[in-house]
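A.B. asks: For reference, the structure I am asking about is given below.
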Amino acid sequence: MGVLKQNVFLVGYMGVGKTTVARRLARDLGVAAIDVDAYLQRKHGRDANRLFKQRGEAGLRRAEAKALAECAALGPAVISCGEGIVALPENRELLKTQGFAVLLESSMEGSLSRIKSMRTRPLLAQGCDTQALWDERKPLYDEVAQAHVDVSNKGTAAAAAAIAGELKRRGIYVSD
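Using the numbering used here, you'd call the opening residue of the sequence shown number 1347 and step up by one each time.
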């Protein structure tokens, strides 16, 4: 296969396909895929929605920050991050210094069509204004992203291939 020289963090808005693309990219590169939300759920025995209800958004974000740091220490790996990972400054710093962050982008309509039935998402369950949240988070995603991949008209394989190509061009992934 090859060598992944550092963590690759997939960030972006909810419903953009971070977890699915991370799994495919990791498989294609022959490395581990780590999902921060799944790691958080295994560690705490409850999903992000329940943590949000029990601890509030601040409590969820603190738990998420610890999980992100622990996941980053397991790498190099392809790490998919929850959409709110950029909310805390310490997470943004980690994303910029402990790996290569790729922002997966899609149209708001595309993301919303994929998540409209997902009331298990903490902020959606609270009736969050998705456009306002996007407007708030977009500059934070841009702050950490070292590459942008538009997945609007790409399937999982094509999105993973686009990221793999970028990693190879930058010397982050070296083929045998």
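Just so you know, even glycine gets a beta-carbon here, dropped at the ideal spot from N, CA and C.
#1: Would you check if the region 1362-1372 and the region 1398-1405 touch, i.e. whether three or more CB-CB distances between them fall below 8 Å?
#2: By a C-beta neighbour count over all protein chains shown, 10 Å radius and 16 as the cutoff for buried, is residue 1498 buried or exposed?
#3: Cβ atoms of residue 1383 and residue 1428: under 7 Å apart, would you say?
#4: Which whole-angstrom value is the C-beta distance of residue 1442 and residue 1490, which I expect to be below 8 Å?
#5: Only counting the same chain, and skipping five residues up and downstream in sequence, which positions put a Cβ closer than 7 Å to that of residue 1389?
#6: Residue 1372 to residue 1402, Cα distance in whole Å?
#7: Could you please give the first and the last residue of the uninterrupted beta strand (DSSP E) stretch that includes residue 1354?
#8: Less than 7 Å between the C-beta atoms of residue 1387 and residue 1381, yes or no?
#9: Taking residue 1430 as the reference, give the member of 1511, 1479, 1354 with the closest Cα.
#10: Start and end of the beta strand (DSSP E) containing residue 1377?
#11: By the DSSP assignment, the alpha helix (DSSP H) with residue 1405 in it spans what residues?
#12: Which residue comes first and which comes last in the alpha helix (DSSP H) that contains residue 1503?
#13: Given a cut-off of 7 Å on the beta-carbon distance, is the pair residue 1449 and residue 1487 in contact?
#14: In the DSSP output, which residue or residues are listed as bridge partners for residue 1297?
#15: Suppose you measure from the CA of residue 1515 to the CA of residue 1509; what does that come to, to the nearest Å?
#16: Between which two residues does the beta strand (DSSP E) carrying residue 1449 extend?
#17: What does the Cβ neighbour count give for residue 1477, buried or exposed, with the cut at 16 atoms within 10 Å?
#18: If contacts are defined as beta-carbon pairs under 8 Å, then residue 1368 and residue 1432 qualify, I think. What distance do you get, rounded to the angstrom?
C.D. replies: Answer, in terms of the structure:
#1: The answer is no - the region 1362-1372 does not touch the region 1398-1405, with fewer than three Cβ pairs under 8 Å.
#2: As a working mapping, residue 1498 is identified with position 152 in the sequence shown. Label assigned to residue 1498: exposed.
#3: Taking the sequence shown and counting its residues from 1, the one referred to as residue 1428 is at position 82. Taking the sequence shown and counting its residues from 1, the one referred to as residue 1383 is at position 37. Less than 7 Å divides the Cβ of residue 1428 from the Cβ of residue 1383.
#4: Here residue 1442 corresponds to residue number 96 of the sequence shown, with the count starting at 1. Here residue 1490 corresponds to residue number 144 of the sequence shown, with the count starting at 1. With a Cβ gap of about 5 Å, residue 1442 and residue 1490 count as contacting.
#5: One-based indexing of the sequence shown puts residue 1389 at position 43. Only residues of its own chain outside the window of five on either side were considered, and among them 1413 have a CB closer than 7 Å to the CB of residue 1389, listed in chain order.
#6: What you label residue 1372 is simply residue 26 of the sequence shown in a count that begins at 1. What you label residue 1402 is simply residue 56 of the sequence shown in a count that begins at 1. Looking at the two C-alpha atoms, the distance is approximately 32 Å.
#7: As a working note, residue 1354 is residue 8 in the sequence shown. Note, residue 1354: beta strand (DSSP E), 1354-1357.
#8: Within the sequence shown, the letter at position 41 stands for residue 1387. Within the sequence shown, the letter at position 35 stands for residue 1381. Result no, Cβ atoms of residue 1387 and residue 1381 do not sit closer than 7 Å.
#9: Working through the sequence shown from its first residue, we reach residue 1430 at position 84. Of the listed residues, the one whose Cα sits closest to residue 1430 is 1479.
#10: Taking the first residue of the sequence shown as position 1, residue 1377 is located at position 31. Here residue 1377 belongs to no beta strand (DSSP E), and DSSP marks it neither H nor E.
#11: Translated into positions along the sequence shown, residue 1405 becomes position 59. 1394-1419 is the extent of the alpha helix (DSSP H) around residue 1405.
#12: On the sequence shown, position 157 is the one that residue 1503 refers to. Where residue 1503 is concerned, the enclosing alpha helix (DSSP H) stretches over 1502-1515.
#13: Numbered from its first residue, the sequence shown carries residue 1449 at position 103. Numbered from its first residue, the sequence shown carries residue 1487 at position 141. It is a contact, given that the beta carbons lie within the stated cut-off.
#14: Nothing can be reported for residue 1297: it is not among the residues displayed for the chain, which extend from 1347 to 1522.
#15: The residue given as residue 1515 occupies position 169 in the sequence shown. The residue given as residue 1509 occupies position 163 in the sequence shown. When only Cα atoms are considered, residue 1515 and residue 1509 end up about 10 Å apart.
#16: The sequence position of residue 1449 within the sequence shown is 103, counting from 1. Residues 1446-1451.
#17: Here residue 1477 is taken as the residue at index 131 of the sequence shown, counted from 1. Residue 1477 should be labelled exposed.
#18: Within the sequence shown, residue 1368 is the residue found at index 22, counting from 1. Within the sequence shown, residue 1432 is the residue found at index 86, counting from 1. With 8 Å as the limit, residue 1368 and residue 1432 do not qualify as a contact, their Cβ atoms being about 16 Å apart.
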